[in-house]
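Participant: Here's a structure for you.
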Amino acid sequence: MTRLLHLDASPRPGRAGTHDHGSHTRRLTHHFITRWRALEPEAEVVYRDIGANPPPLTSVEWIEAAFTPAENRSESMQSVLAESDALVDEVIRADILVLGVPMYNFGPPAAFKAWIDNIVRLGRTVDYDPQYGDHPYLPLTHYIPLMADRPRHAVLLSSRGDHGFDPGGRLGELNHMEPGARTALQFIGIGGFHSIAIEHQEEGGEALAASTESALARIDRLVEQLHSEVTAKRQLQPA
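Next comes the structure, spelled out in structure tokens:
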């Protein structure tokens, strides 16, 4: 059984194409999950709406608690880290992270950055060892990606007001969302990273409609690809 973490970061309620003024990224994540469940009805899906309920921001109390050894944490420290621990647990259990994240001002909304800051946790998703050498995800020595214990994938589904934000595009150098998300997730050991975006949101009309249909079709192909990979690897595991 595949475990998926479905996360929406848009503050817009509802889905574009279904609800007035609905979110394009919520439409994409819903489409991905629907297609996956059509192939694997028994898949486990955990849903987290950080657009409606953003994670807490990093605070002095959070930092003190996170960098105190677990066995030495007070009850108040444990309380400060409770939501972060829950977010980390969801990521650890997941095989595939389905992340709906709109682009705001060339990067993600604050809620998504807060989520990243809550799941990149020393001792839980990444560790540090001065004796540790290079690892395959980043040219940072001494860091151990604890999430590399088994294959995991992150699927970033985005929407953009303008167009040309893909690598090599006219605005590619201004896209700080996919590179930042990829770096953080691969830093903790999530090796597979895939991104699909809707563009032309500000322009609307036929350009937006064509971009939306293209994104939905690409999601269909990605679901089939990932499902085949996950199924094949599961069949290779000993009974």
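When we follow this note's numbering, the leftmost residue of the sequence shown carries the number 169, and every step to the right adds one. For glycine and all other residues, C-beta sits at the position ideal for the given N, C-alpha and C.
How long is the line joining the alpha carbons of G332 and E367, rounded to whole angstroms?
Facilitator: As a working mapping, residue 332 is identified with position 164 in the sequence shown. As a working mapping, residue 367 is identified with position 199 in the sequence shown. When rounded, the distance between both Cα atoms is 8 Å.
Participant: Report back the beta-carbon spacing between V323 and L255 to the nearest angstrom; my notes put them in contact at under 8 Å.
Facilitator: Stepping through the sequence shown from its first residue, residue 323 is reached at position 155. Stepping through the sequence shown from its first residue, residue 255 is reached at position 87. Incorrect: roughly 18 Å between the Cβ atoms, too far for contact.
Participant: May I ask you to list the residues that DSSP assigns as paired with A233?
Facilitator: Along the sequence shown, one-based indexing puts residue 233 at 65. DSSP, once it has assigned bridges, lists no residue as partnering A233.
Participant: Helix, strand or coil for L384 per DSSP?
Facilitator: In the sequence shown, counting from the first residue as 1, residue 384 sits at position 216. Three-state result, L384: helix.
Participant: Just how far apart, CA to CA, sit L172 and R292?
Facilitator: Indexing the sequence shown from 1 puts residue 172 at position 4. Indexing the sequence shown from 1 puts residue 292 at position 124. Those two C-alpha atoms are separated by around 19 Å.
Participant: Ordered along the chain, which non-local residues of its own chain (more than five positions away) have a Cβ less than 7 Å from that of V294?
Facilitator: Stepping through the sequence shown from its first residue, residue 294 is reached at position 126. Answer for V294: V288, Y311, I312, P313, L314, F355, I356, listed in chain order.
Participant: Suppose the cutoff is 8 Å on Cβ atoms and the five residues either side in sequence are ignored; what does the same chain contact list for T236 look like?
Facilitator: Translated into positions along the sequence shown, residue 236 becomes position 68. Taken in chain order, the residues that qualify are M245.
Participant: For I231, count neighbouring C-beta atoms within 10 Å of its own C-beta (all shown protein chains included) and say buried if the count is 16 or more, exposed if not.
Facilitator: In the sequence shown, residue 231 corresponds to position 63, counting from 1. With fewer than 16 other Cβ atoms within 10 Å, it is exposed.
Participant: Would you say E392 faces chain B, with C-beta separation under 8 Å as the test?
Facilitator: Chain labels in this structure do not include chain B; a single protein chain is all it has.
Participant: Return helix, strand or coil for G360, following the three-state DSSP convention.
Facilitator: Against the sequence shown, residue 360 aligns to sequence position 192. Residue state, collapsed to three classes: strand.
Participant: Out of E212, A383, R194, which one is the CA nearest neighbour of I218?
Facilitator: Reading the sequence shown from its first residue, position 50 is the one you call residue 218. I218 has its Cα closest to that of R194, out of E212, A383, R194.
Participant: Going along the chain, which residues of its own chain have a beta-carbon closer than 8 Å to the beta-carbon of G190, five neighbours each way excluded?
Facilitator: Taking the sequence shown and counting its residues from 1, one reaches residue 190 at position 22. R180, P181, G182, R183, A184, listed in sequence order.
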